[in-house]
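2 protein chains.
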Amino acid sequence: MDRTPHLLVVDDDREIRTLLSQFLTRHGFRVTGAKDGVEMMRTLDSARVDLIVLDLMMPGEDGLSLCRRLRATPETAQTPVIMLTAMGEETDRIVGLEMGADDYLAKPFSPRELLARVKAVLRRASGPPVAGGAVGKTLGFEGWTLDLAKRELRSPDGVLVQLSAGEYDLLVAFVEHPQRVLTRDQLLDLARGRSAVPFDRSIDVQVSRLRRKIEPDPADPTMIKTVRGGGYLFTPAVTGG
Amino acid sequence: MDRTPHLLVVDDDREIRTLLSQFLTRHGFRVTGAKDGVEMMRTLDSARVDLIVLDLMMPGEDGLSLCRRLRATPETAQTPVIMLTAMGEETDRIVGLEMGADDYLAKPFSPRELLARVKAVLRRASGPPVAGGAVGKTLGFEGWTLDLAKRELRSPDGVLVQLSAGEYDLLVAFVEHPQRVLTRDQLLDLARGRSAVPFDRSIDVQVSRLRRKIEPDPADPTMIKTVRGGGYLFTPAVTGG
DNA sequence: GCCGGCTGTTACACAGCGTTACCAATTCAC
DNA sequence: GTGAATTGGTAACGCTGTGTAACAGCCGGC
Chain G
1 MDRTPHLLVV DDDREIRTLL SQFLTRHGFR VTGAKDGVEM MRTLDSARVD LIVLDLMMPG
61 EDGLSLCRRL RATPETAQTP VIMLTAMGEE TDRIVGLEMG ADDYLAKPFS PRELLARVKA
121 VLRRASGPPV AGGAVGKTLG FEGWTLDLAK RELRSPDGVL VQLSAGEYDL LVAFVEHPQR
181 VLTRDQLLDL ARGRSAVPFD RSIDVQVSRL RRKIEPDPAD PTMIKTVRGG GYLFTPAVTG
241 G
Chain P
1 MDRTPHLLVV DDDREIRTLL SQFLTRHGFR VTGAKDGVEM MRTLDSARVD LIVLDLMMPG
61 EDGLSLCRRL RATPETAQTP VIMLTAMGEE TDRIVGLEMG ADDYLAKPFS PRELLARVKA
121 VLRRASGPPV AGGAVGKTLG FEGWTLDLAK RELRSPDGVL VQLSAGEYDL LVAFVEHPQR
181 VLTRDQLLDL ARGRSAVPFD RSIDVQVSRL RRKIEPDPAD PTMIKTVRGG GYLFTPAVTG
241 G
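Chains as they are written, first to last, in UniProt numbering: chain G, 1 to 241; chain P, 1 to 241.
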């Protein structure tokens, strides 16, 4: 239940990043900063993000272009975006919202105002029913079927495998990042929405429990491989749909 | 997103309260009764109310005074009020409307007439949809049929399943947000119009009761799944027709 | 007024999860 | 190559969250 929302602040100005991070952290959010699109994408790749605060004007790829890319990517198409801009022109607002931003804030703004918008957007984001959106798909791997809408896993012979909430979340993290080494920290973030504390072994234990349910031979795992010193690797190819 | 409107009937005459509650409930509204201003305020404090039906003449604080207080309170200043009065004098009408009531009905009146006024005021108050929209629809899931107008649930084999008011409201909350994890807080808000207090287990108990009536095997629920640390998930796809 | 159903609260049982501990496997130091 | 150190697997345990029976209070029906 301590699923504190994870915000990603993308701004090339380090001072602003720091300021916003501190402020938002003090108000109960988990905040990651990114100075450009590359860092943003890297973070999105490896962590669960609930909302992105995105500066419009940035060197390199600008906010509009990034926002467009976010919307074009299935994994992030639903992630709310709040745009920041130095200019107060109305056209920006239009363009920003047309680009798929959920809200818009003109600099200079008070952190308090951003906080209000963040809360509002998050509330709104969890409001409307999903309907036939991107969420609710079914994923397959090596004959297994994972139903995201029903939170159900079926083995290749069609048997419903009972997973606990934690096992299911962990499996989703793997299935959504297949054939990539995921560190314990990343897994913890993806599956639990928290970051690791020193000597945290909970992921190891959970992986062990999950293997027991989906590996033919848990003692010699083939789907969830251990990468010594690195983390874990989900080896099967995943078919989406 | 649109829930069944929540009406608050304030009248010191218990017979009238009961009569109106039954009638309005049968026509698809959620109704709470209050015998005086104190009860009214208590309800408004803890639940979201869409419209208040307020008797003008009451012992203690009367309707006019209560209406004035409603208008002076920011939270309720926008809540529509329909005044009831035993006297047919025109002056009352004037005073009532000046006091901020949205409509006025002289006793004796037919419940049907009140129903029409309630729908009209709600339509006026909240723009396009509501009453006419949410009320009157029928939703289906896995063979079940939920009649929003009659507040009735039919099982796949056509049998009418008796639900208490609370069970029905909870089910509506689920059906209107299918395939999404809803926190206890959200459910409490959607179904009861109030927010959770620490150690609030009422939703758990109500879910348990609802499962007993709609799950094939309540011990191994498939429609209403528990998400540990998250809340509950209504898994069936809902057809809105 | 009394009765019956509904709802929230409480209490207890049970299962999931994180922590710890211990062991095995691997790597490192020499 | 050998022993030490590091890393990972997992059994065991305790805390926490959830299911639900039992109870009590409230409200409406009569």
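All residues carry an ideal CB built from backbone N, CA and C; glycine is no exception. The model shown is predicted, which means the values in this text are computed figures rather than measured ones.
Interface residues of chain P facing Gly149 (chain G) [CB-CB closer than 7 Å]: Reading off the sequence shown, one finds Ala at residue 149 (chain G), where the question assumed Gly. Within 7 Å Cβ-Cβ: Gln179, Thr235.
Take Leu170 (chain G) and list the residues in its own chain whose beta-carbon comes closer than 6 Å to its own, dropping the five residues that flank it on each side. Ala191, Gln206, Leu210
Distance, Cα to Cα, Ile52 (chain G) vs Lys137 (chain G)? 24 Å
Per-residue burial, Ala116 (chain P) [other beta carbons within 10 Å of its own, 16 or more giving buried]: exposed
Per DSSP, Lys225 (chain P) forms a beta bridge with which residues? P:Leu233
Any chance the segment 28-40 of chain P sits against the segment 135-155 of chain P, with 3 or more Cβ pairs inside 8 Å? yes
Tell me which residues share the same chain as Ser155 (chain P) and place their Cβ nearer than 7 Å to its Cβ, disregarding the 5 neighbours each side in the sequence. Closer than 7 Å at the Cβ level, and outside the excluded window around Ser155 (chain P), lie Trp144, Val161.
For Ala77 (chain G), which of G:Met83, G:Gln22, G:Arg69 has the nearest alpha-carbon? Residue G:Arg69 is the option with its Cα nearest to Ala77 (chain G).
Please list, in chain order, the chain G residues whose beta carbon lies closer than 8 Å to that of Val197 (chain P). Here the premise fails: no neighbours, minimum Cβ distance about 15 Å.
With 9 Å set as the bound, which would you pick, yes or no: does the beta-carbon of Thr222 (chain P) sit closer than that to a beta-carbon of chain G? Cβ-Cβ to chain G under 9 Å: yes for Thr222 (chain P).
Three-state secondary structure (DSSP) of Thr79 (chain G): coil
Within chain G, the residues that Val227 (chain P) reaches when beta carbons sit closer than 8 Å: Arg151, Ala165
Where does Val49 (chain P) land, buried or exposed, given buried means 16+ other C-beta within 10 angstroms? That one is buried.
Sort P:Ala34, P:Ile203, P:Arg180, P:Cys67 by Cα distance to Tyr168 (chain P) and report the nearest one. Among P:Ala34, P:Ile203, P:Arg180, P:Cys67, the Cα nearest to that of Tyr168 (chain P) is on P:Ile203.
Pro128 (chain G) burial status per 10 Å Cβ neighbour count (16 or more: buried): Bear in mind that the predicted position of Pro128 (chain G) carries a pLDDT of just 44, short of 50, making it unreliable; the figure below should be weighed with that in mind. So Pro128 (chain G) counts as exposed.
Looking at the structure shown, is Thr25 (chain G) part of a helix, part of a strand, or coil, going by DSSP? In the structure shown, Thr25 (chain G) sits in a helix (DSSP, three-state: H, G or I).
Using a Cβ cut-off of 9 Å (strictly closer), state whether Val9 (chain P) contacts chain G. no
Smallest Cα separation from Ala34 (chain G): which of G:Arg3, G:Leu66, G:Pro5, G:Thr4? G:Leu66
Quick one: residues in its chain with C-beta nearer than 8 Å to the C-beta of Thr18 (chain P), no 5 flanking neighbours on either side, listed in chain order? Gly33
Would you tell me roughly how many angstroms separate the C-alpha atoms of Arg114 (chain P) and Ser21 (chain P), rounded to the nearest one? As written in the sequence, residue 114 (chain P) is Leu, which differs from the Arg given in the question. Whole-angstrom Cα-Cα distance: 12 Å.
In the DSSP assignment, find the unbroken beta strand (DSSP E) run with Ala106 (chain P) in it and report its ends. Per DSSP, Ala106 (chain P) belongs to the beta strand (DSSP E) from 103-106.
Tell me whether Glu15 (chain P) is buried or exposed, calling it buried when 16 or more other Cβ atoms sit within 10 Å of its Cβ. exposed
Can you find the residues in the same chain that come closer than 7 Å, C-beta to C-beta, to residue 263 (chain G), ignoring five residues on each side of it along the sequence? Because chain G is modelled from 1 through 241, residue 263 (chain G) falls outside the range shown and cannot be assessed.
Smallest Cα separation from Pro5 (chain G): which of G:Asp11, G:Leu24, G:Gly63? G:Leu24
Which residue comes first and which comes last in the alpha helix (DSSP H) that contains Arg71 (chain P)? Taken as a continuous stretch (DSSP letters only), the alpha helix (DSSP H) holding Arg71 (chain P) covers 63-72.
Nearest to Val81 (chain G) (by Cα), restricted to the options G:Val10, G:Thr222, G:Glu142, G:Thr43: G:Val10
Going by DSSP in three states, Leu51 (chain P) sits in which element: helix, strand or coil? It is a strand residue.
Within this structure, are the beta carbons of Arg194 (chain G) and Gly231 (chain G) separated by less than 9 Å? Contact: no.
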